[in-house]
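Student:
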Amino acid sequence: MNTSMNTSTTLTTPNSNRQFEQSYKLALKHFINRNFSQAFQQSRTLFIQAFDEYRTGSISMNLLVKVIDLYLVVVGVSLREKRLNQIMTTEAKNSITSNEVWNLISSVWGSKHGEDVPWEILYNWHLLMISNLELIQDRLEYLRDLKRVYTRLSIDEIDGEGQSEKYVNKLMILIKFEILPRLDQYEESYRLIGDNVEEREKLDKIKQNRIDAEQKAQETKKQEEKKLKEEKEKQDAEARKLARESNLKYRSIKEIRRGYEDNGDEKRLSIKENQDIDGRVDTIKLRLIYLSKLMKSYLLQNYMVLIVLVIAALGSGKYLRQANIREKVIETVKMAFKFTYV
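Okay, so the sequence shown: first residue is 1 according to UniProt numbering, each after it adds one.
(1) How far does the alpha helix (DSSP H) with Q86 in it extend, from its first residue to its last?
(2) Leaving out the 5 sequence neighbours to the left and right, which residues in its chain are closer than 8 Å to I256 when beta-carbon positions are compared?
(3) According to the Cβ coordinates, are R83 and F31 closer than 7 Å?
(4) Indicate the three-state DSSP secondary structure (helix, strand or coil) for residue 384 in the structure shown.
(5) Rounded to whole angstroms, what is the Cα-Cα separation between Q185 and L133?
(6) So, helix, strand or coil for T151, using DSSP?
(7) Tell me which same chain residues have a C-beta within less than 6 Å of the C-beta of L64, skipping the five on either side of it?
(8) Considering only the beta carbon of each residue, do V74 and L46 sit closer than 7 Å?
(9) Rounding to the nearest angstrom, what Cα-Cα distance links S297 and K285 in this structure?
(10) Under three-state DSSP, which class holds G76?
(11) Count the CB pairs spanning the segment 139 to 152 and the segment 77 to 96 that are closer than 8 Å, and state whether there are at least three.
(12) With a CB to CB cut of under 6 Å and the five nearest residues on each side skipped, what residues in its chain are close to Q42?
(13) Taking a contact to mean a Cβ-Cβ separation below 7 Å, would you say M129 touches L153 in this structure?
(14) In this structure, how does DSSP classify K112 when only helix, strand and coil are distinguished?
(15) Would you kindly work out how many angstroms separate the C-alpha atoms of R251 and Q218, rounded to a whole number?
(16) In whole angstroms, what separates the C-alpha of S106 from that of R210?
(17) Please return the same chain residues whose Cβ sits closer than 7 Å to the Cβ of G76, not counting the five positions on each side in sequence.
(18) With the cut-off set at 7 Å, would you say F177 and I206 are in Cβ contact?
(19) Under a three-way DSSP split, which group does S58 fall into?
(20) With a cut-off of 8 Å on the beta carbons, I'd call L79 and T89 a contact; round off their distance for me.
(21) Under a three-way DSSP split, which group does D69 fall into?
(22) If you compare alpha carbons, which of K216, Q215 and E187 is closest to L203?
(23) Take E199 and list the residues in its own chain whose beta-carbon comes closer than 6 Å to its own, dropping the five residues that flank it on each side.
(24) Considering just the uninterrupted stretch of the alpha helix (DSSP H) at R191, what are its terminal residues?
(25) State the Cα-Cα distance for the pair F20 and V108, rounded to the nearest angstrom.
(26) Take A39 and list the residues in its own chain whose beta-carbon comes closer than 7 Å to its own, dropping the five residues that flank it on each side.
(27) Does the Cβ-Cβ distance between N17 and S60 come in under 7 Å?
(28) Exposed or buried, what is Y150 when buried is set at 16 or more other beta-carbons lying within 10 Å of its beta-carbon?
(29) Look at L72 and W119 and say whether their C-beta atoms are less than 7 Å apart.
(30) Give a yes or no on whether the C-beta atoms belonging to S189 and L183 are separated by under 7 Å.
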């Protein structure tokens with residue numbers, strides 16, 4: 001990224017420093033008021049410009065350190081609390097992971113591993129990193145660089161200024177009770193603490209709290225997995241139940257339809273049989289009526305002959321028997337009643 005700025009306008013160092021400090025205070029105000037987007041945009045612009053301004057003598061070392069500290073704090077808090085949009089988040093992360101920020105810092109103090117970087121910058125840098133572990137791309141390399149830092153942390157190397165001593169102590173506390181435990185380096189923390197009983201008890205408590213938190217997280221995860229499994233089993237059982245009910249309903253419909261069809265066939269067969277019986281009865285009735293009418297007509301036409309034949313038969317019984325007249329009469333009557341049966 002181009003870190004230069006337009007310096008065509010010549011400004012005296014006090015005026016430039018004053019104007020730059022006003023911009024710094026405005027960015028700081030946005031951060032204090034939790035206007036993270038504005039704070040990030042302004043602090044980043046100031047951060048990029050500050051190095052060129054410092055090299056040209058336009059701003060002081062003290063203001064440069066303030067601008068660097070502000071940018072590191074704004075980025076650390078904004079990323080941790082997820083207060084930036086996607087574009088700003090990507091820009092903020094890339095400025096750290098691409099080594100842009102550290103390279104600019106090293107360009108001023110001339111130290112790749114931060115041996116000469118002011119303590120307050122080192123403190124804010126490591127606070128940023130441990131607050132956003134995803135920014136640490138290589139933990140082993142980070143731990144090696146960190147060890148170079150805390151091996152220097154002795155009172156003999158402090159320049160005597162109260163501010164430096166303040167940040168040395170804060171950085172050591174951060175390393176012993178936050179950074180190393182977060183990276184599972186408890187043994188190294190105990191080594192740095194030494195025989196300090198109070199600090200060892202504090203670290204013991206931190207370690208136990210982390211163990212409890214991990215166990216609780218694992219238990220919560222197990223409960224969630226169990227709940228999801230039970231919910232899935234419940235859904236599967238419900239699906240199987242619905243499938244069975246649907247199958248039974250389908251089978252019932254088929255059986256009802258089949259039964260209806262069978263009953264329909266039986267009913268049609270029964271109706272047909274009844275119709276056949278009724279037809280035969282009607283036929284017999286018609287034939288009987290026809291026969292009755294035929295007999296009635298014959299009797300009306302021949303009743304006189306029949307009467308004479310009956311009287312003759314009664315009066316001359318013995319002669320008729322001898323001559324077999326009776327059989328002849330019966331035969332004659334049968335012939336009279338004979339008809340073609342259609």
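Yeah, the Cβ is synthetic: ideal placement off N, Cα and C, and Gly gets one too.
Tutor: On the basis of the supplied data:
(1) Taken as a continuous stretch (DSSP letters only), the alpha helix (DSSP H) holding Q86 covers Q86 to T97.
(2) Excluding sequence neighbours, I256 sits near nothing in its chain.
(3) R83 places its beta carbon 7 Å or farther from that of F31.
(4) Given a span of 1 to 342 for the chain in the structure shown, any question on residue 384 remains unanswerable.
(5) Rounded to whole angstroms, Q185 to L133 spans 15 Å at the Cα level.
(6) In the structure shown, T151 sits in coil (DSSP, three-state: anything other than H, G, I, E or B).
(7) Short of 6 Å from the beta carbon of L64, and not among the five residues preceding or following it, lie these beta carbons of its own chain, in chain order: A50 and Y54.
(8) No, these two residues do not count as a Cβ contact at 7 Å.
(9) When the Cα atoms are used, S297 and K285 turn out to be separated by approximately 18 Å.
(10) Under the three-state reduction of DSSP, G76 is assigned to helix.
(11) Note that the segment 139 to 152 does not touch the segment 77 to 96; fewer than 3 beta-carbon pairs, one per stretch, sit closer than 8 Å.
(12) Once the five neighbours on either side are set aside, the close Cβ partners of Q42 are A27.
(13) Taking a C-beta distance under 7 Å as the contact criterion, M129 and L153 do not qualify as a contact pair.
(14) In the structure shown, K112 sits in coil (DSSP, three-state: anything other than H, G, I, E or B).
(15) The alpha-carbon separation between R251 and Q218 amounts to approximately 48 Å.
(16) Separation of S106 and R210 (C-alpha to C-alpha, rounded to the nearest whole angstrom) is 35 Å.
(17) Taken in chain order, the residues that qualify are L127, L128, S131 and N132.
(18) A contact, by the Cβ cut-off of 7 Å.
(19) Three-state DSSP puts S58 in coil, outside helix and strand.
(20) Contact between L79 and T89 holds, with the beta-carbon distance rounding to 7 Å and staying under 8 Å.
(21) If DSSP states are grouped into helix, strand and coil, D69 belongs with the helices.
(22) Taking only the C-alpha atoms, the option nearest L203 is E187.
(23) Within the same chain, E199 has close Cβ partners I193.
(24) In the DSSP assignment, R191 falls within the unbroken alpha helix (DSSP H) covering Y186 to I193.
(25) The alpha-carbon atoms of F20 and V108 are separated by roughly 18 Å.
(26) Result list for A39: A27, H30, F31 and V74, in chain order.
(27) In this structure, S60 lies closer than 7 Å to N17 by Cβ.
(28) With 16 or more neighbouring CB atoms inside 10 Å of its own CB, Y150 falls in the buried class.
(29) Cβ distance not < 7 Å, so L72 and W119 don't count as in contact.
(30) Contact flag unset, no.
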